[in-house]
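Q:
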Amino acid sequence: MSAPDPRDGRPGAAIFGVAGYDLTPAERAFFTAADPLGFILFARNIRAPDQVRTLIADLRRAVGRDDAPVLIDQEGGRVARLRPPHWRDAPPAARFAELAAIDPAAAVEATRLNYRLIAAELADLGITVDCAPVADVPVAGAHDVIGDRALGRDPAQVARLARAAAEGLLAGGVLPVIKHIPGHGRAHADSHAELPKVDAPRAALEASDFAPFRALADLPWAMTAHVLYTALDAAMPATISKRVIDEIVRGHIGFGGVLVCDDLSMEALSGDLPSRARAALAAGCDVVLHCNGALDEMQAIAAAIPPLSDAAQARVAKGEALRRQSHARFERRDAANRLESLLAKSRVANRR
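Numbering (numbering that gives the first Met the number 0), first residue to last: 0 to 351.
#1: What is the DSSP secondary structure of Gly167, counted as helix, strand or coil?
#2: Once DSSP output is grouped into helix, strand and coil, what is the label at Gly76?
#3: Whose C-alpha, out of Cys290, Glu330, Ala170, Leu168, is nearest the C-alpha of Asn44?
#4: Ile126 lies in the alpha helix (DSSP H); which residues open and close that run?
#5: Are the CB atoms of Ala192 and Ala267 within a distance shorter than 9 angstroms?
#6: On the DSSP letters alone, give me the boundaries of the alpha helix (DSSP H) that Pro273 sits inside.
#7: Label Gln73 either buried or exposed according to how many other C-beta atoms from any shown protein chain fall within 10 Å of its C-beta, with 16 as the threshold for buried.
#8: I'd like to check one pair, Pro306 with Val257: are the Cβ atoms closer than 9 angstroms?
#9: Given Ala100, which residues of its chain have a CB within under 6 angstroms of its CB, disregarding the five upstream and five downstream residues?
#10: Can we say the segment 131 to 150 touches the segment 66 to 80, given the rule of at least three CB pairs closer than 8 angstroms?
#11: Note down the Cα distance separating Ala214 from Glu246, rounded to an integer number of angstroms.
#12: Would you mind stating whether Pro35 and Ala13 have Cβ atoms separated by less than 9 angstroms?
#13: Indicate the three-state DSSP secondary structure (helix, strand or coil) for Leu194 in the structure shown.
#14: According to DSSP, simplified to helix, strand and coil, what is Leu342?
#15: Taking the alpha carbon of Gly146 as the point to measure from, which residue in Val78, Phe212, Gly171, Leu169 has its own alpha carbon closest?
#16: For the segment 173 to 224, list the alpha helix (DSSP H) runs that are entirely contained and at least 4 residues long, ordered along the chain.
Here it is, written out as structure tokens:
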């Protein structure tokens with residue numbers, strides 16, 4: 000299959016990374032020809048605010064769309080691409096879970112404020128999509144790849160705090176991406192390095208793992224889990240399982256937004272990258288994600304995938320319309336001070 004033709008008005012069904020701080024001539028030519036839906040940034044792309052703004056402008060100029068989504072993983076804690084001295088050192092999700100144990104209402108407010116502050120930093124740079132919040136529910140003995148990135152171990156609490164995080168991002172004009180649907184919390188392996196296998200029965204998954212995502216099913220974007228659920232599909236991980244996406248993600252959970260796969264380069268998936276991309280799209284993902292910025296790999300993926308489907312294009316457009324109408328007045332200093340006062344409650348409680 001040839002690379003998508005940008006002249007048909009539909010971008011390619013992919014989000015690509017970029018190698019460094021600046022767009023190279025080869026990258027610019029490739030992005031113009033392949034016309035991916037959007038881009039994702041990592042720490043290797045971030046040096047200073049003006050440099051990031053220039054890179055983002057160049058990426059959008061390459062595809063000729065000023066609304067091309069630009070993504071980042073800015074959760075706070077150990078998963079944060081923007082860091083001091085230019086940006087705030089946002090706390091990990093576990094801090095809000097700790098606060099919820101002593102004051103649930105304060106935890107909701109603090110989570111919303113934290114992500115509203117994150118949104119302000121992202122929007123200032125031109126970043127429009129944040130791959131957060133994590134809505135996974137860890138269990139005892141699970142791999143710590145989720146760990147302190149989780150908003151607790153109670154599905155209802157995770158749903159409440161993830162909702163607050165999403166509201167904070169949306170209020171700042173940034174689209175949240177709930178992850179890792181339908182749930183990575185039980186995994187005993189890191190899907191970056193190997194394929195996690197979860198043997199829990201479907202009833203247990205529905206009661207815990209799927210529950211936060213079901214409560215958040217109206218949100219605009221979600222990212223899949225590279226996890227094999229033997230009770231659902233004993234052969235294929237969720238990202239490339241049509242049964243899991245149709246019956247669970249779109250069915251039981253009822254998610255109706257943009258479904259992007261987790262990074263195609265992760266070792267949980269097998270086969271070459273074009274095969275992985277085709278499998279994810281055939282299973283029902285709207286968009287594939289490739290993060291490492293390797294030009295030859297992106298070229299191979301672009302040659303293997305179609306343009307965005309009509310359904311996916313409609314979902315992207317719906318999310319973008321939501322993002323544009325979500326801005327609200329905001330005093331950053333007041334929000335930061337209020338957040339600090341709320342988080343102080345958990346610090347005091349922990350010293351007792």
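Think of the CB as a built atom: it goes at the ideal place given N, C-alpha and C, for glycine as much as any other residue. All values reported here derive from a predicted model rather than from experimental measurement.
A: Let me lay it out:
#1: Translated into the one-based positions of the sequence shown, residue 167 becomes position 168. Gly167: helix per DSSP, three-state reduction.
#2: Stepping through the sequence shown from its first residue, residue 76 is reached at position 77. In this structure, Gly76 counts as coil in the three-state DSSP scheme.
#3: Your numbering for residue 44 matches position 45 in the sequence shown. Taking only the C-alpha atoms, the option nearest Asn44 is Cys290.
#4: Within the sequence shown, numbered from 1, the residue matching residue 126 stands at position 127. Where Ile126 is concerned, there is no enclosing alpha helix (DSSP H), given that its DSSP letter is neither H nor E.
#5: By one-based count along the sequence shown, residue 267 stands at place 268. By one-based count along the sequence shown, residue 192 stands at place 193. Yes, they are a contact pair.
#6: Start at 1 with the first residue of the sequence shown, and residue 273 comes out as number 274. Counting along the chain, the alpha helix (DSSP H) containing Pro273 begins and ends at 272 to 282.
#7: For this step, residue 73 is matched to residue 74 along the sequence shown. Buried, by the Cβ-count rule.
#8: As a position in the sequence shown, residue 257 is number 258, starting the count at 1. As a position in the sequence shown, residue 306 is number 307, starting the count at 1. Not a contact, by the Cβ cut-off of 9 angstroms.
#9: Along the sequence shown, one-based indexing puts residue 100 at 101. Beyond the five residues adjoining it in sequence on each side, Ala100 comes within less than 6 angstroms, by CB distance, of no other residue in the same chain.
#10: These segments touch.
#11: Taking the first residue of the sequence shown as position 1, residue 214 is located at position 215. Taking the first residue of the sequence shown as position 1, residue 246 is located at position 247. Going from the Cα of Ala214 to the Cα of Glu246 covers about 16 angstroms.
#12: By 1-based counting over the sequence shown, the position of residue 35 is 36. By 1-based counting over the sequence shown, the position of residue 13 is 14. Pro35 places its beta carbon less than 9 angstroms from that of Ala13.
#13: On the sequence shown, residue 194 is found 195 positions in, with the first residue counted as 1. Coil.
#14: In the sequence shown, residue 342 corresponds to position 343, counting from 1. In the three-state reduction of the DSSP assignment, Leu342 falls in the helix class, which pools H, G and I.
#15: As a working mapping, residue 146 is identified with position 147 in the sequence shown. Nearest option by C-alpha distance: Val78.
#16: As far as the segment 173 to 224 is concerned, its whole alpha helix (DSSP H) runs of at least 4 residues are 210 to 214.
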